[in-house]
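For the sequence shown, counting from 1, position 30 maps to 1306 in this note's numbering; every step adds exactly one. Glycine included, C-beta positions come from ideal geometry on N, C-alpha and C. Please read all numbers here as calculations on a predicted model, not as lab measurements.
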Amino acid sequence: MKNRAGRAKAPRPAGEGLHMRLAPMRFKEFTWPHNPEVYTVEYRRRVAVHQVPFGPCVMQELGEAYRVLKGEGVFAGSNAYAQFKKLAEVFRSEGPGMLIHPVWQIERAYFISLEAAEEPLPDFVRYRFEFWEDRGGYGGGLKAAAENDGSPAGTSPLQNTRVHTVRKGDTLWGIARQYGVDLTALVRANPQVKNPNLIYPGEAVKIP
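Here it is as structure tokens:
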């Protein structure tokens, strides 16, 4: 095929202009009526920096940390604010949950932040959100969630597991003392913690 100038047009790639139909995003009991417009998946690596006396800094790799899923979307229509309030109620519920993402793998995650991102309009809410992957949730929980397809009726081995979310100033010794467990058993139950002397806010520590 040629255009008016007589030049051949480049063939259109197969599938161009077509939209892949994606499954709806879900977290706990909330299902998005429309998938968010933007997703950002951030991979993190933990690195400790040591200052050598009278010398340069030395970096020590401590392994991969949790992933961060951020996004932005809109609720539109007469029930826009009702949808946002439902999502806010899910945010207020404590503890991690299964995040069923339309593109990425199923993840056990914590709902970290939710915000309305612009001036309110009568039937339109733009929002932003952030989830942190629970690296301690891979002990069979994801497989169970995949088999149950996110249904609340499904059960997971992690439902009976206590999880402590690390806060600023926490140590494994202090967490073990708080829950009355042996420090060695706590370290053994959390193989994702590469260095027991270094834990970070937001990490999930399983209590044996």
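**Asked** Which partner residues of I1483 appear in the DSSP bridge assignment?
**Response** Residue mapping note: residue 1483 aligns to position 207 of the sequence shown, counting from 1. According to DSSP, which records beta bridges pairwise, I1483 is partnered with R1438.
**Request:** Over the uninterrupted beta strand (DSSP E) stretch that includes E1318, give me the two end residues.
**Result:** For the purposes of this step, residue 1318 is taken as the residue at position 42 of the sequence shown. First-last of the beta strand (DSSP E) with E1318: 1314-1318.
**Request:** For E1318, collect the residues of the same chain with a Cβ closer than 6 Å to its Cβ; drop the 5 residues on either side in sequence, then sort them by chain order.
**Result:** In the sequence shown, the residue the question calls residue 1318 occupies position 42. Answer for E1318: V1344, listed in chain order.
**Prompt:** By Cβ distance below 6 Å, which residues in the same chain neighbour F1303 in space, the five residues on each side in sequence not counted?
**Reply:** The sequence position of residue 1303 within the sequence shown is 27, counting from 1. For F1303, where only same-chain residues beyond five positions count, the Cβ hits under 6 Å are G1373, L1375.
**C-alpha distance - V1439 paired with A1465, whole-angstrom precision** = Walking along the sequence shown from the start, residue 1439 turns up at place 163. Walking along the sequence shown from the start, residue 1465 turns up at place 189. For V1439 and A1465, the distance between alpha carbons rounds to 11 Å.
**Request:** Enumerate in chain order the residues of its own chain whose CB-to-CB distance from G1478 is below 8 Å, with the five nearest sequence positions on each side excluded.
**Result:** Numbered from 1 along the sequence shown, position 202 holds the residue referred to as residue 1478. Hits under 8 Å: Y1342, Y1386, I1388, W1408, T1441, V1442.
**Message:** With DSSP as the reference, identify every bridge partner of M1301, one or two as the case may be.
**Reply:** The sequence position of residue 1301 within the sequence shown is 25, counting from 1. None, per the DSSP bridge assignment.
**Message:** Measuring CB atoms only, is the stretch 1331-1342 touching the stretch 1394-1407, in the sense that at least three cross pairs come out at less than 8 Å?
**Reply:** no
**Asked** Roughly how many angstroms separate the alpha carbons of L1462 and P1484, rounded to a whole number?
**Response** The residue given as residue 1462 occupies position 186 in the sequence shown. The residue given as residue 1484 occupies position 208 in the sequence shown. The straight-line gap from Cα to Cα measures roughly 6 Å.
**Asked** How is the alpha helix (DSSP H) around R1453 delimited, first residue to last?
**Response** Counted from its first residue, the sequence shown places residue 1453 at position 177. Element bounds for R1453: 1448-1455.
**Alpha-carbon to alpha-carbon, Y1403 and Y1395** = Along the sequence shown, read from residue 1 onward, the residue named residue 1395 stands at position 119. Along the sequence shown, read from residue 1 onward, the residue named residue 1403 stands at position 127. The sequence given here has Glu at residue 1395, not Tyr. Rounded to whole angstroms, E1395 to Y1403 spans 11 Å at the Cα level.
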